[in-house]
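S.K.: Quick note: to get my numbering, add 113 to the position in the sequence shown (first position is 1).
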Amino acid sequence: ELAQWRQLMKQLRENWRSGDIDMALAKTTTRVPLLKLVDFDKTLDAARMEEIVCEVEEEDVEEEKKEIDYEFELLKEMHSDDHRTAMV
114 ELAQWRQLMK QLRENWRSGD IDMALAKTTT RVPLLKLVDF DKTLDAARME EIVCEVEEED
174 VEEEKKEIDY EFELLKEMHS DDHRTAMV
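#1: Can you tell me whether DSSP reads ASP158 as helix, strand or coil?
#2: Which two residues bound the contiguous alpha helix (DSSP H) that contains THR141?
#3: Pick helix, strand or coil for GLU164, following the three-state DSSP scheme.
#4: CA-CA distance, LYS178 and LEU187?
#5: Can you name, in chain order, every residue of its own chain whose Cβ lies under 8 Å from the Cβ of ALA139, other than the five neighbours on each side?
#6: Tell me the DSSP secondary structure of LEU173 in three-state form.
Okay, structure coming up:
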């Protein structure tokens, strides 16, 4: 999203430099709302990052490791019997 707003700002700047639009008018009418959107998007991204950060209890991590190890052992056993063995 932020990249899109920056692309629009770049396009606006290119248009006033090429003379397609009036620079003074664009800066007062179009550029200000675009800058506010960029700032809003930045604060929204920061808020999202705060939501994502969470603590994981050590017990949960250990339990997850045990489950993964168990599944891996099952797969090893299944494939060690015969490479043509399929579980149905």
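Think of the CB as a built atom: it goes at the ideal place given N, C-alpha and C, for glycine as much as any other residue.
M.R.: The answer reads as follows:
#1: Your numbering for residue 158 matches position 45 in the sequence shown. In the three-state reduction of the DSSP assignment, ASP158 falls in the helix class, which pools H, G and I.
#2: Residue 141 sits at position 28 when you count from the first residue of the sequence shown. 136 to 142 is the extent of the alpha helix (DSSP H) around THR141.
#3: Residue 164 sits at position 51 when you count from the first residue of the sequence shown. GLU164 falls in the helix class under three-state DSSP.
#4: Here residue 178 refers to the residue found at position 65 of the sequence shown. Here residue 187 refers to the residue found at position 74 of the sequence shown. Straight-line Cα distance between these residues: approximately 14 Å.
#5: The count along the sequence shown starts at 1 and reaches residue 139 at position 26. LEU125, ASN128, TRP129, listed in sequence order.
#6: Your numbering for residue 173 matches position 60 in the sequence shown. First, the amino acid is wrong: residue 173 is Asp here, not Leu. Correct three-state label for ASP173: helix.
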